[in-house]
Structures are given as C-alpha cells and as structure tokens.
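Input: a single structure, listed below in structure tokens.
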Amino acid sequence: MKTTALMTTSPRQRRITWGFGLAIAIGMIGIGPLFASLWPGFDHSPWDVNTMLLGLGVGLCTIAYIFGRIAVAAVTEGRRRAVAPPTSRAFWVAGGGFALAVVCLMIAVSG
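Each residue of the sequence shown is one higher than the one before, starting from 5 at the first, in the working numbering.
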C-alpha cells in the first residue's frame, strides 16, 4: 500500500475523525455551487459565473473526496484488502477546478 506523509505522521484515530469530518463538511459546502452551476434555470447568471461556480464546486468536492479517501484508508489499515490513499490524480482535478474558477472569476470581474 502506498503511503503519504499524512498517513505516516498522524495517528490512525485522528486520520479517521478529521478525515470523515472534513470530507462531510467540505463536501456539503462544495455541493451547493456544483448544484447551482448545473441545474438549468436555477439562476440567470452569465456563462462565466456559472463556469466559475462549476470549477469551485468540482474543486471543493474533490478535496472532500481526498479527505474521505484518507479516512477510509485509515479505517481499513492493516486489513488484508486495505484501501489505498488518494493518488495524485485527485489533486490534479482539484487544482484544475480551482484554476478554472479563478480564470472565470477574472473574466467576470473584467467584463
């Protein structure tokens, strides 16, 4: 099983508690912008604002996935079929979502 610095420096119980707590909290924050950007007729914002909300929602939901995956890896640690911690792909998706949100925010402010 591949481990990261967070997996080796934090106690198991702390990874479980903080991982699940942050995953739920950040996921609840991120689902709002994601819902607002994808639901047709929710609001009548221009495309750049909707795309900014989409990027923000994807970024926050991906960060929630990362924390949830760390917590699940801590729960299954030491078992025969342990779950691996998140790969770098999740971090790239979160970074891409936040970069998209920043670019669309700059377009919205300048226009």
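Beta carbons are placed, not taken as given, at the ideal position from N, Cα and C, and that holds for glycine. All values derive from a computational prediction rather than experimental measurement.
Distance, residue j Cα to residue i Cα
i	j	result
W51	G34	19 Å
L60	A68	12 Å
M5	S49	Summary for M5: the model assigns pLDDT 49, below 50, so the residue's position carries little reliability; its value from the coordinates is reported in the next sentence. Their backbone Cα atoms lie some 45 Å apart in a straight line.
V113	A105	12 Å
G82	R16	11 Å
V79	I20	7 Å
P44	G36	14 Å
V87	V76	7 Å
L26	R73	11 Å
Selected residue, minimal CA-CA separation from residue i, among the options
i	options	result
A127	W96, C108, I70	Residue 127 lies beyond the stretch modelled for the chain, which goes from 5 to 115, so this question has no answer here.
L57	W22, T13, F39	F39
I111	V97, I74, N54	N54
V62	P89, R73, T13, F95	F95
L64	F102, P89, G25	F102
Which runs of the alpha helix (DSSP H), 4 residues or longer, sit entirely within the region 51-96? Those alpha helix (DSSP H) runs which fall completely within the region 51-96 and span 4+ residues are 51-79.
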